[in-house]
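Enquirer: I'd like to ask you about the structure that follows.
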Amino acid sequence: MKIFNTASMRKEEFVPITPGKITMYVCGPTVYNFIHIGNARPMIVFDTFRRYMEHKGYEVNYVSNFTDVDDKIIKAAIEEGTTTTEISERYIRECLKDMEGMNIEPATYHPRATQEISGMIAMIGTLIDKGYAYEKNGTVYFSTRKDKNYGELSHKNLDDLRSGFRSLKVSGEDEKEDPLDFVLWKPKKEGEPYWESPWGQGRPGWHIECSVMAKRYLGDTIDIHAGGEDLIFPHHENEIAQSTCANGVPFAHYWMHNAFLNIDNKKMSKSLGNFFTVRDISRKYDLQVLRLFMLSAHYRSPLNFSDKLMESAKVSLERIRTAAEHLKDLAENGKGGEMTDAEKAVLDEAKGYIARFDEKMDDDNNTADALSVVFELVRFANSNVTEGATKALAQGVLDVLTELCDVLGIIALPKKESLDDEIESLIEKRQAARKARDFATADRIRDELRAQGIELLDTKEGVKWKRI
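In our numbering, the protein residues as written are 4 to 471.
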């Protein structure tokens, strides 16, 4: 299996530090509001990668944090007249709801920055002791000039960066020994949360948080670090600097970054009025539609969000679910007995799609091509598992389809919803009207149900329904 490593800018054969085990850290959201669909892309992409590694038999220790102390959280708390803890806890709960809706597996650990302050203070102290950091008036800075490898992940020329930063003059900027030095610890301001430290009351900088949480839950050196491409510089570059200088060993062997999500070919922005939260999308679509849409492009390719593409993803999800439901019906109501030789050949061919799927995923988590294999399997099942098939064949092909969908986090057979008594009563009245050959009444009830978002399907096994 190969992964495109941002650090080397090429695909590399994946070799874990410990055979059969993977340590993976994915930067999580800053929790000051509902997560937006840009946040959703790395969540879905790397959850799928994790699922695939588990499908391959790896034990994955997957860590994704919540940044619960930040300027935006403080601003939201001041605006609402409440505490930063209330804001962050509220939106962590809402984020977890959205993640469940997108069928994202809970991380092995979901650490919160505010619960790891002691580790941050300890790492900052180590960096000062080793000569990689310095304190000025209660602020601690990391000295980028002391790290000879700084800039290797982002492939940036530091002399050019320093030249560009020389014109910046903001509060405290003149205290820095170098314009690219970044904050590890900042002194408290009135009304802000703070913690005691050897450098006075204050709070950590953003970058040190992830270095410490990765170290605590995964170790000094990890297999994979991932996130959106907007984090490459400065966040991930600074994480590497802190971690390698403090721990004395490489930080991560592989770096994976997903590309940006645009809205109707424009960057998502509140000022442009094209800013959508996951919760907004859930009011119009099943979040499984959003997940399938996100997986329809390679994670390193820019992805354009639009109503047209979401409608297409909705139709695609329906194709998968219709095929799965048909196979389920045959598995429950088809012929008994053993498969014929011809059916065994059909099942063997269906199982061959697993290897084809794995081949696509082995090529740098290529979910777009893997999804194409799923749709090929759907067409194959629709053509080869028809009325008259044995239960064994239908169940076997269904097992293959659900296995591949599970890797992608696509729920092929969602749990059946229960209908309220009024809807159930209308369905029963329609059935009675059809039995009495009162087709005018039956059609009227069908139209009434459709207006309420319920579509009826008349099958050999009886009437079925689905939401539309």
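The beta-carbon is built from N, C-alpha and C at its ideal position, and this holds for glycine as well.
Just so we're clear, the structure is a prediction, and the values are computed from it rather than from any experiment.
In its own chain, which residues sit with a C-beta less than 6 Å from the C-beta of Q204, not counting the 5 before and 5 after it?
Expert: K191 and Y197
Enquirer: From D366 to L374, what distance separates their C-alpha atoms?
Expert: Straight-line measurement puts the Cα of L374 at about 13 Å from the Cα of D366.
Enquirer: Pick out whichever of G41, G456 and G134 has its Cα sitting closest to the Cα of P305.
Expert: G41
Enquirer: List the whole-angstrom C-beta distance separating G84 from V215, where the pair is believed to meet the contact cut-off of C-beta under 8 Å.
Expert: About 31 Å separates the two Cβ atoms, so there is no contact after all.
Enquirer: Just reading off the beta strand (DSSP E) that Y28 is part of, what are its end residues?
Expert: K24 to V29
Enquirer: Can you give me the C-alpha to C-alpha distance between L396 and V349, rounded to a whole angstrom?
Expert: 8 Å
Enquirer: With H, G and I counted as helix, E and B as strand and the rest as coil, what does DSSP make of T340?
Expert: The amino acid occupying residue 340 in the given sequence is Gly; Thr does not appear at that position. Looking at G340 - three-state DSSP - the assignment turns out to be coil, as it is neither helix nor strand.
Enquirer: For I430 and K418, what's the separation of their Cα atoms in angstroms?
Expert: 20 Å
Enquirer: Taking three-plus beta-carbon pairs below 8 Å as touching, is the stretch 158-165 in contact with the stretch 259-275?
Expert: no
Enquirer: If you draw a straight line from the C-alpha of N265 to the C-alpha of K151, how long is it?
Expert: Looking at the backbone, the Cα of N265 and that of K151 are separated by about 36 Å.
Enquirer: What residue from K189, K331 and E458 has the CA that sits closest to R206's CA?
Expert: K189
Enquirer: Please list the terminal residues of the continuous beta strand (DSSP E) segment that includes W258.
Expert: A255 to N261
Enquirer: What are the start and end residues of each continuous alpha helix (DSSP H) run of 4 or more residues lying completely inside the stretch 193-232, in chain order?
Expert: 209-221
Enquirer: Whole angstroms are fine: how far does the CA of V143 sit from the CA of T247?
Expert: 18 Å
Enquirer: So for G175, helix, strand or coil by DSSP?
Expert: With a pLDDT of only 49 at G175, under 50, the local geometry of the prediction cannot be trusted, and the value read off the model is given with reservation. Here G175 sits in coil by DSSP.
Enquirer: First and last residue of the alpha helix (DSSP H) that includes P45?
Expert: I40 to H58
Enquirer: Would you kindly check if the distance between the Cβ of A300 and the Cβ of A384 is under 8 Å?
Expert: no
Enquirer: Compare the C-alpha of I90 against each of A79, N8 and L99 and name the closest.
Expert: A79
Enquirer: Where does L460 sit, in a helix, a strand or coil, going by DSSP?
Expert: strand
Enquirer: Kindly identify the DSSP beta-bridge partner or partners of L264.
Expert: L306, per the DSSP bridge assignment.
Enquirer: Could you give the uninterrupted runs of the alpha helix (DSSP H) lying entirely in the stretch 435-460, keeping only those of 4 residues or more?
Expert: 442-454
Enquirer: For E341, count neighbouring Cβ atoms within 10 angstroms of its own Cβ and tell me buried if that reaches 16, exposed if not.
Expert: exposed
Enquirer: Helix, strand or coil for S274? Go by DSSP, reduced to three states.
Expert: coil
Enquirer: With the cut-off set at 8 Å, would you say V281 and A316 are in Cβ contact?
Expert: no
Enquirer: Rounded to whole angstroms, what is the Cα-Cα separation between F296 and I124?
Expert: Those two C-alpha atoms are separated by around 42 Å.
Enquirer: I'd like to know if V143 contacts chain C, where contact means its C-beta is closer than 8 Å to some C-beta of that chain.
Expert: Given the protein chain composition of this structure (a single chain), no chain C is represented.
Enquirer: Cβ of L298 within 8 Å of Cβ of I47?
Expert: yes
Enquirer: Could you give the DSSP three-state label for S280: helix, strand or coil?
Expert: Sequence inspection shows Thr at residue 280; the Ser mentioned does not correspond to that position. If DSSP states are grouped into helix, strand and coil, T280 belongs with the strands.
Enquirer: Decide if I81 is buried, meaning its Cβ has at least 16 other Cβ atoms within 10 Å, or exposed.
Expert: exposed
Enquirer: Quick check: the stretch 323-335 against the stretch 397-415, are at least 3 beta-carbon pairs closer than 8 Å?
Expert: yes
Enquirer: What number of angstroms, rounded off, separates the C-alpha of S170 from the C-alpha of L416?
Expert: Model confidence at S170 stands at a pLDDT of 46, short of 50, so the residue's coordinates are unreliable and nothing is read from them.
Enquirer: For the putative contact between A43 and D71, defined by C-beta atoms under 8 Å, what is the C-beta separation to the nearest angstrom?
Expert: Contact doesn't hold; Cβ gap of about 19 Å is too wide.
Enquirer: Consult DSSP for S299 and reduce its assignment to one of helix, strand or coil.
Expert: coil
Enquirer: Kindly give me the distance between the Cβ atoms of N68 and T26, rounded to whole angstroms, as I take these residues to be in contact under 8 Å.
Expert: Under the criterion of beta carbons closer than 8 Å, N68 and T26 do not qualify as touching, at roughly 14 Å.
Enquirer: Going by beta carbon distance, what residues of the same chain come within less than 7 Å of L294, once the five residues before and after it are set aside?
Expert: Inspection of the sequence shows that residue 294 is occupied by Arg rather than by Leu. Result list for R294: I47, M105, N106, G412 and I413, in chain order.
Enquirer: Could you compute how far the alpha carbon of D441 sits from the alpha carbon of I448?
Expert: 11 Å
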